[in-house]
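Undergrad: One structure coming up, written as structure tokens, with questions to follow.
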Amino acid sequence: MQTLLFGSIAVMTALAFSPSAMPQTVQPKSTSQSSTVPLRLDPHDLSGVWQLAPGGGGQGPGDNFPPLTPWGQARYDANKPGYGPKAAPGGNDPILKCDPIGFPRILFQIWPFEIIQIPGRVLMFFEGQHTIREIWMDGRKLPADPEPTWYGYSVGKWDGDTLVVETIGFNDKTWLGAQGQPHSDQMRTVERYRRVDPTTIQLNLTIVDPKTYTKAWEAEPRLIKPRPGVEILESFCVASEEEEFARRIRQPAAQQTGK
Amino acid sequence: MKNGTIKSLAIVLSLIFLCTPATAHHGNSAYDEQARVSIKGVVTEFVWTNPHCQIYLDVKDKNGKAVNWGVETNSPAILTRAGWTSRSVKPGDEVTIIMCPAKNGAPVAYAGSGDPGTKVIFSSGRELDFQDKTTK
């Protein structure tokens, strides 16, 4: 109980002093300083509300994936996305049924997310499906044989000024992006986050999944920009409401006309 | 629903825009995102639900018969940042909606942040669009 109490106090203290949901721009110490003066910035502080900038790859790691294995090709052929070279009305994107968006696809969503840094962990709080992702920063190793989950098991560490996050333990039910790129439960990902200037984090994502792709996939680097003043709003995918929406709008829109 | 449905309804303008990529979370390939079509009618329902809000309105066709259109738009969170509330559109409101129609001619459409130029215009002349009003 005592441990729990102290843990709670530590979390609340960290949150109270976190600059989350506040402007990310680092102000010069004195107003007399010009904007050309190097800004004081803690490169290990990524806390705040951010959003992926539009870029190559769209709502996913891109279409430039390595050659597929036969298993991966069969999965890709079965996926009918709403984006990319295979885009068609209707389709079978798992998120149309409110399945969890999963990782790494959630990184490429159009909604803001908050990075919360607390002792021993970095939390990523995504507006999309109101999802919390935990990255363990306490030095622990990846588990040897984790049970499959939608977001995997993540550990992180600082390599200089780059936050390096490794994740394993995925199920194979999600797509990597809106273009329908598949993955297996053998997938391992490495993310590298580096604050390249006061208002930009660069993300480099590597996907290693030998069951699906014949070599490692280095996704196109993406930039993440601050959203000062933006709050993370409640944005669940509600299956009952989604079903009704599909019945009234999505299905009529996707119906073949026999042209 | 026949392919000619859209033409038979009260279309007052149709413009070609250069579009930015759609930002619906699942893709908008069912809609003609190069087109902007205007429909005018009376709101029957405004559905404020995740992940897609919807506006339904009765639009009279050339014979004066009311056809109920359904317009897909963004999530409540995105609409909130665009200045909307769940009471922004009410049954009985006379509105004009500039939207991207379904390619198959069904009386359904998309109007939202992914397609600039789409908006709702009230009979008073007041307009609501879908673009983020928070500082970026």
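Sequence lines, in order, name chains A and B. For what it's worth, the working numbering labels the leading residue of the first sequence as 343, then goes sequentially. For what it's worth, the working numbering labels the leading residue of the second sequence as 1398, then goes sequentially. Quick reminder that beta carbons are idealized off the backbone N, C-alpha and C, glycines included.
Would you kindly check if the distance between the Cβ of A/I574 and the Cβ of A/V391 is under 8 Å?
TA: As a working mapping, residue 391 of chain A is identified with position 49 in the first sequence. As a working mapping, residue 574 of chain A is identified with position 232 in the first sequence. Taking 8 Å as the Cβ cut-off, A/V391 and A/I574 qualify as a contacting pair.
Undergrad: Who are B/G1438's beta bridge partners in DSSP?
TA: The residue given as residue 1438 of chain B occupies position 41 in the second sequence. Looking at the DSSP assignment, B/G1438 forms a beta bridge with B/V1492.
Undergrad: Quick one: is B/G1489 buried, meaning 16 or more other Cβ sit within 10 Å of its Cβ, or exposed?
TA: Locating residue 1489 of chain B in the second sequence gives position 92, where the first residue counts as 1. By the neighbour-count rule (16 or more Cβ atoms within 10 Å), B/G1489 is not buried but exposed.
Undergrad: Are the C-beta atoms of A/R590 and some chain B residue less than 8 Å apart?
TA: Residue mapping note: residue 590 of chain A aligns to position 248 of the first sequence, counting from 1. Answer yes: the Cβ-Cβ gap between A/R590 and chain B drops below 8 Å somewhere.
Undergrad: The beta strand (DSSP E) with A/Y535 in it runs from where to where?
TA: Here residue 535 of chain A refers to the residue found at position 193 of the first sequence. Its beta strand (DSSP E) spans residues 530-539.
Undergrad: Is A/H386 buried or exposed, if buried means 16 or more other CB atoms sit within 10 Å of its CB?
TA: For the purposes of this step, residue 386 of chain A is taken as residue 44 along the first sequence, with counting starting at 1. That one is exposed.
Undergrad: Buried or exposed: where does A/Q451 fall if 16 or more other Cβ atoms within 10 Å of its Cβ makes it buried?
TA: One-based indexing of the first sequence puts residue 451 of chain A at position 109. Buried, since its Cβ has 16 or more Cβ neighbours within 10 Å.
Undergrad: Along the chain, where does the alpha helix (DSSP H) containing A/E508 start, and where does it finish?
TA: Working through the first sequence from its first residue, we reach residue 508 of chain A at position 166. Per DSSP, A/E508 belongs to no alpha helix (DSSP H); it is in the beta strand (DSSP E), 504-510.
Undergrad: Do A/C440 and A/E584 have their C-beta atoms closer together than 8 Å?
TA: Translated into the one-based positions of the first sequence, residue 440 of chain A becomes position 98. Translated into the one-based positions of the first sequence, residue 584 of chain A becomes position 242. Yes, the pair counts as a contact, with Cβ atoms nearer than the cut-off.
Undergrad: Considering only the beta carbon of each residue, do A/G424 and B/N1425 sit closer than 8 Å?
TA: Walking along the first sequence from the start, residue 424 of chain A turns up at place 82. Walking along the second sequence from the start, residue 1425 of chain B turns up at place 28. Yes, these two residues count as a Cβ contact at 8 Å.
Undergrad: Would A/W492 and A/G470 be called neighbours here (beta carbons separated by less than 8 Å)?
TA: In the first sequence, the residue the question calls residue 492 of chain A occupies position 150. In the first sequence, the residue the question calls residue 470 of chain A occupies position 128. Contact: no.
Undergrad: Leaving out the 5 sequence neighbours to the left and right, which residues in its chain are closer than 6 Å to A/E562 when beta-carbon positions are compared?
TA: Residue numbering aside, residue 562 of chain A sits at position 220 when the first sequence is read from its first letter. Excluding positions up to five away in sequence, the list reads G398, G399, G404.
Undergrad: Name, in chain order, the residues that DSSP records as bridge partners for A/G390.
TA: Reading the first sequence from its first residue, position 48 is the one you call residue 390 of chain A. In the DSSP output, where bridge partners are listed per residue, A/G390 has A/I457.
Undergrad: Using beta-carbon positions only, say whether A/Q528 and A/K557 come within less than 8 Å of one another.
TA: As a working note, residue 528 of chain A is residue 186 in the first sequence. As a working note, residue 557 of chain A is residue 215 in the first sequence. Cβ distance not < 8 Å, so A/Q528 and A/K557 don't count as in contact.
Undergrad: Taking DSSP as the reference, what is the three-state secondary structure of B/T1531?
TA: Here residue 1531 of chain B refers to the residue found at position 134 of the second sequence. It is coil, neither helix nor strand.
Undergrad: Could one say the Cβ of B/P1513 lies closer than 8 Å to chain A's Cβ atoms, at least one of them?
TA: For the purposes of this step, residue 1513 of chain B is taken as the residue at position 116 of the second sequence. Not an interface residue.
Undergrad: Less than 7 Å between C-beta atoms, sequence neighbours within five positions excluded: which residues of the same chain meet that for A/R569?
TA: What you label residue 569 of chain A is simply residue 227 of the first sequence in a count that begins at 1. These residues qualify, in order along the chain: V391, W392, Q393, P454.
Undergrad: In three-state DSSP terms, what is A/A352?
TA: Translated into the one-based positions of the first sequence, residue 352 of chain A becomes position 10. Since pLDDT at A/A352 reaches only 45, below the 50 mark, its modelled position is unreliable, and no value is offered.
Undergrad: Take A/P442 and list the residues in its own chain whose beta-carbon comes closer than 8 Å to its own, dropping the five residues that flank it on each side.
TA: Residue mapping note: residue 442 of chain A aligns to position 100 of the first sequence, counting from 1. Once the five neighbours on either side are set aside, the close Cβ partners of A/P442 are Q471, T473, W492, Y493, T516.
Undergrad: State the Cα-Cα distance for the pair A/D503 and A/F445, rounded to the nearest angstrom.
TA: As a position in the first sequence, residue 503 of chain A is number 161, starting the count at 1. As a position in the first sequence, residue 445 of chain A is number 103, starting the count at 1. So the two alpha carbons sit approximately 24 Å from each other.
Undergrad: Hey, A/A595 and B/Y1453 are a contact pair by Cβ (cut 8 Å); roughly how many whole angstroms apart?
TA: Within the first sequence, the letter at position 253 stands for residue 595 of chain A. Within the second sequence, the letter at position 56 stands for residue 1453 of chain B. No, A/A595 and B/Y1453 are not in contact; Cβ-Cβ is about 14 Å, not under 8 Å.
Undergrad: Count the CB pairs spanning the stretch 1506-1524 of chain B and the stretch 1456-1463 of chain B that are closer than 8 Å, and state whether there are at least three.
TA: No, the stretch 1506-1524 of chain B does not touch the stretch 1456-1463 of chain B.
Undergrad: To the nearest angstrom, report how far apart B/A1479 and A/V506 are at their CA atoms.
TA: Along the second sequence, read from residue 1 onward, the residue named residue 1479 of chain B stands at position 82. Along the first sequence, read from residue 1 onward, the residue named residue 506 of chain A stands at position 164. Cα to Cα, B/A1479 sits roughly 35 Å from A/V506.
Undergrad: Under 8 Å, Cβ to Cβ, is there at least one residue of chain A near B/G1522?
TA: Within the second sequence, numbered from 1, the residue matching residue 1522 of chain B stands at position 125. Not an interface residue.
Undergrad: Could you give the distance in angstroms between the alpha-carbon of B/Q1481 and the alpha-carbon of B/L1525?
TA: In the second sequence, residue 1481 of chain B corresponds to position 84, counting from 1. In the second sequence, residue 1525 of chain B corresponds to position 128, counting from 1. First, the residue type needs correcting, since residue 1481 of chain B is Trp and not Gln in the sequence shown. So the alpha carbons of these two residues sit roughly 8 Å apart.
Undergrad: Taking CB distances under 8 Å as the criterion, tell me whether B/P1418 reaches chain A.
TA: Mapped onto the second sequence, residue 1418 of chain B falls at position 21. In this predicted model, B/P1418 has a pLDDT of only 42, less than 50, meaning its place in the structure is not dependable enough to derive any value.
Undergrad: Can you list, in chain order, the stretches of the beta strand (DSSP E) that have 3 or more residues and sit fully within the stretch 1465-1529 of chain B?
TA: DSSP runs (the beta strand (DSSP E)) wholly in the stretch 1465-1529 of chain B: 1491-1498, 1505-1507, 1516-1519, 1524-1526.
Undergrad: Could you check whether A/W500 and A/P408 sit closer than 8 Å to each other, using their CB atoms as the reference points?
TA: As a working mapping, residue 408 of chain A is identified with position 66 in the first sequence. As a working mapping, residue 500 of chain A is identified with position 158 in the first sequence. Not in contact: A/P408 and A/W500 (Cβ atoms no closer than 8 Å).
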